[in-house]
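A.B. asks: If you use this note's numbering, the sequence shown closes out at 279, no skipped numbers anywhere. Virtual Cβ for every residue (Gly too), placed ideally from N, Cα, C. Because the structure is a prediction, the values reported are computed rather than measured.
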Amino acid sequence: MSLLDRIGVDIGRRLAIEDAIEWAAKNDVRHIDIQLDTAANAITSFDDARCAKVRAALDKHGVHLALHTLSAVNVAEYSPYVGEGVEAYLRSYVDIFPKLGAQWIVVHAGYHFGSDKKMRMAAGKERLKRVCDHAEKKKALILLENLNKEPEDAEVHYLAHTVEEWQYYWDIASPAFKLSFTANHAHLVPEGIEGFVKALDFSRVGEVRLADCFRNGHEVHLPPGQGDLDFGTMFRLIEGKGFRGNYTNAFGTLDDMLVARHTLVAHAAAAGVRT
Numbered sequence: 005m006s007l008l009d010r011i012g013v014d015i016g017r018r019l020a021i022e023d024a025i026e027w028a029a030k031n032d033v034r035h036i037d038i039q040l041d042t043a044a045n046a047i048t049s050f051d052d053a054r055c056a057k058v059r060a061a062l063d064k065h066g067v068h069l070a071l072h073t074l075s076a077v078n079v080a081e082y083s084p085y086v087g088e089g090v091e092a093y094l095r096s097y098v099d100i101f102p103k104l105g106a107q108w109i110v111v112h113a114g115y116h117f118g119s120d121k122k123m124r125m126a127a128g129k130e131r132l133k134r135v136c137d138h139a140e141k142k143k144a145l146i147l148l149e150n151l152n153k154e155p156e157d158a159e160v161h162y163l164a165h166t167v168e169e170w171q172y173y174w175d176i177a178s179p180a181f182k183l184s185f186t187a188n189h190a191h192l193v194p195e196g197i198e199g200f201v202k203a204l205d206f207s208r209v210g211e212v213r214l215a216d217c218f219r220n221g222h223e224v225h226l227p228p229g230q231g232d233l234d235f236g237t238m239f240r241l242i243e244g245k246g247f248r249g250n251y252t253n254a255f256g257t258l259d260d261m262l263v264a265r266h267t268l269v270a271h272a273a274a275a276g277v278r279t
């Protein structure tokens, strides 16, 4: 498969899933990423009939679907009742996975408030283990994403934003558990993309997510060329580790992400990467 075909688009909640599939087919996009939290795509709006129609459309057009949970839902929640709700939320994504014929589900490690970091990491890891157990039964695949750093003086901080924090979860022993590597998040921390790539076993990476940003800066999702991320070097490092999976553009408008697929291939080719 060409590199262009491997670069998909994060639709998020911009389009109803049915319209997203048609948009992808029209624009020769082979992979889309959808969030099932709100409006026309709220997971509660999917009965068996709608799921069957979505799956038929995906098969007809040869489009692959990934699901993406909301990072605002705190997977590291430990409060009674609230934690149960978080788990039910994650399980609902797993339950709909086979009905839609999805490829994977991106999840997150949650967030902490400083003094409770260890407690939240432990709670989140145990929850992810249980969700992966459920995913095994449904033949679903869970991908844990490395998230972005927040400013040092922020009250809330995402977990798994450094290599060390992310590695805490890597020993979850489940065939339903892999990783989603967000390159631009790695660009925000001292170890950088090179440090993450060095630490990663890319046989465990299900996708690589892309946006531009500024080295050691703050969280922004910019089209390539509007930050200082060297995409050519990034492709050379990642492809050099044997990765042949999907990339997902996650920035700007749908048109921005569509045009950038070709821009990114050009960067990779200029860096000597086979495209």
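#1: Would you call the segment 38–46 in contact with the segment 68–84, where contact means no fewer than 3 C-beta pairs closer than 8 Å?
#2: Could you name each continuous alpha helix (DSSP H) segment of 4 residues or more that falls completely within the segment 44–105, going from the start of the chain to the end?
#3: Could you pull out every residue in the same chain whose Cβ sits closer than 6 Å to the Cβ of V98, ignoring the five residues on either side in sequence?
#4: Whose C-alpha, out of C136, C217 and D51, is nearest the C-alpha of I100?
#5: Would you decide whether D175 is buried or exposed? Buried here means 16 or more other CB atoms lie within 10 Å of its CB.
#6: Have a look at N45 and V111 and give me their C-alpha separation to the nearest angstrom.
#7: Going by DSSP, name the residue or residues bridged to R213.
#8: With respect to the beta strand (DSSP E) encompassing D175, which residues constitute its N-terminal and C-terminal limits?
#9: H138: beta carbon under 7 Å from a heavy atom of the ligand SAM?
#10: Is the Cβ-Cβ distance between L268 and I11 less than 8 Å?
#11: Is it the case that the segment 150–165 contacts the segment 230–240, given that we only count it when at least three CB pairs across the two stretches are under 8 Å?
#12: So K103 and Y173 are supposed to be a Cβ contact under 8 Å. How far apart are they, rounded?
#13: DSSP three-state label for K229, please.
#14: What whole-angstrom Cβ distance do L214 and W27 have, given they're in contact under 8 Å?
#15: Rounded to whole angstroms, what is the Cα-Cα separation between L192 and L8?
#16: Residues in the same chain with beta-carbon distance under 6 Å from E149, minus the five sequence neighbours each way, listed in chain order, please.
C.D. replies: Concretely, from the data shown:
#1: yes
#2: 52–65 and 86–104
#3: Counted from its first residue, the sequence shown places residue 98 at position 94. Excluding positions up to five away in sequence, the list reads H138, A139, K142 and A144.
#4: Residue numbering aside, residue 100 sits at position 96 when the sequence shown is read from its first letter. Nearest option by C-alpha distance: D51.
#5: For the purposes of this step, residue 175 is taken as residue 171 along the sequence shown, with counting starting at 1. So D175 counts as exposed.
#6: Translated into positions along the sequence shown, residue 45 becomes position 41. Translated into positions along the sequence shown, residue 111 becomes position 107. Spanning the two alpha carbons is a distance of roughly 17 Å.
#7: Counting from one through the sequence shown, the residue named residue 213 turns up at place 209. Beta-bridge pairing links R213 to T186 and T252.
#8: Indexing the sequence shown from 1 puts residue 175 at position 171. No beta strand (DSSP E) contains D175, which DSSP labels as neither H nor E.
#9: By its list of ligands, the structure shown contains no ligand whatsoever, and the ligand SAM lies outside what it can speak to.
#10: Residue mapping note: residue 268 aligns to position 264 of the sequence shown, counting from 1. Residue mapping note: residue 11 aligns to position 7 of the sequence shown, counting from 1. In this structure, I11 lies closer than 8 Å to L268 by Cβ.
#11: Segments in contact, no.
#12: Residue numbering aside, residue 103 sits at position 99 when the sequence shown is read from its first letter. Residue numbering aside, residue 173 sits at position 169 when the sequence shown is read from its first letter. Between the beta-carbon of K103 and that of Y173 there is about 27 Å, and that puts the pair past the 8 Å contact cut.
#13: One-based indexing of the sequence shown puts residue 229 at position 225. Position check: residue 229 holds Gly in this sequence, whereas Lys was assumed. Coil, per DSSP.
#14: As a working note, residue 214 is residue 210 in the sequence shown. As a working note, residue 27 is residue 23 in the sequence shown. About 19 Å; that fails the 8 Å criterion.
#15: Counted from its first residue, the sequence shown places residue 192 at position 188. Counted from its first residue, the sequence shown places residue 8 at position 4. Each residue's Cα considered, the two are about 26 Å apart.
#16: As a working note, residue 149 is residue 145 in the sequence shown. The answer, listed in chain order, is V110, H112, S184 and T186.
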